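Report on the following structure.
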Amino acid sequence: LFAGPVDFVKGVVAMSGLPPADRAEVCFAGRSNVGKSSLINALTGRKALARASNTPGRTQEINYFALGDSHYLVDLPGYGYANAPLPKVAAWQALLKQYLSGRVTLRRAFVLIDARHGIKEVDEEILSLLDSAAVTFQCVLTKADKVKAKDREAVLTQVRGKLAKHPAAFPEIILTSSEKGDGLATLRATIASVG
Ligand code: GTP
Ligand code: MG
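So in full-length UniProt numbering, the last one in the sequence shown is 216, and the numbering has no gaps at all.
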């Protein structure tokens, strides 16, 4: 799935702008600045396919990428704090929720969690929304390079404990680093297995 070209398809600002629901898709959701866009670049080996930056609120549209002609990979705006005008933030957060609960071809939501912080209250709200919508989700820990090996188990334990309360959670957790490459092969294979 990642061997061929990965192309940017479009940026979407309203549900009416979504591409035809004619293939499987997976999305990356998570707090602003958690590393969603960076992970898409790392997975595809393209430095600037998705725009990443240190400013929370960088991605403001639902960005569609085509993996061959069988899957879409979707980069979402973040939730939680964003460095952008409030009405704008409110609009994209509403769209994000509509997308997560109403996209029929969404096969799995990958919810990215900063490996330094674990699952926070603002993540719980999204996880509950995915439960209600019966969208299977899987947690991906990001920025593993910022956490010492000896501290990783504690975060995994916290995340495992919280996931146990969510019926839509897929139990396996993937630890990644876009900087160092940890977990990328596993995540690629997981995405490819979601049909
Ligand atoms: P929004 O679009 O604002 O929601 O953010 P995002 O989740 O797309 O985050 P983005 O990919 O733009 O990355 C945010 C910041 O984290 C950037 O400064 C990245 O360089 C940094 N970052 C992302 N992934 C990693 C990683 O694996 N390791 C380290 N050390 N930094 C990372
Ligand atoms: Mg982004």
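Backbone N, C-alpha and C fix where the C-beta goes; we use that ideal spot for every residue, glycine too.
As the structure is a computational prediction, the values presented were derived from the model and not from experiment.
For a test of the three-state rule: what should DSSP assign to Lys31, helix, strand or coil?
strand
So Leu162 and Ala136 are supposed to be a Cβ contact under 8 Å. How far apart are they, rounded?
4 Å
Please state whether the Cβ-Cβ distance between Ala130 and Ala190 is less than 8 Å.
Cβ atoms of Ala130 and Ala190: not closer than 8 Å.
Heavy atom of the ligand GTP within 7 Å of Glu200 beta-carbon:
yes
Alpha carbon to alpha carbon, how far is Gln179 from Lys109? Give it in angstroms, no decimals.
33 Å
Proximity winner among Arg67, Asp172, Ala175 and Thr80, relative to Val27 (alpha-carbon distances)
Arg67
Apply the 10 Å Cβ neighbour rule to Phe29 and answer buried if 16 or more other Cβ atoms are within range, or exposed otherwise.
Phe29 is exposed by the Cβ-count criterion.
When you measure from the CB of Asn84 to every non-hydrogen atom of the ligand GTP, does any distance come out below 7 Å?
No, since every heavy atom of the ligand GTP falls outside the 7 Å radius drawn around the Cβ of Asn84.
Where do the N-terminal and C-terminal ends of the alpha helix (DSSP H) with Val180 fall, by residue?
Segment Ala170 to Leu184, the alpha helix (DSSP H) holding Val180.
Beta-bridge partners of Asn84, as assigned by DSSP
Gly32 and Asp96
DSSP three-state label for Asp203, please.
The answer is coil: DSSP assigns Asp203 none of H, G, I, E or B.
Under the rule that 16 or more other beta-carbon atoms within 10 Å means buried, what is Tyr102, buried or exposed?
exposed
Is the distance from the Cβ of Leu133 to the Cβ of Lys57 below 8 Å?
yes
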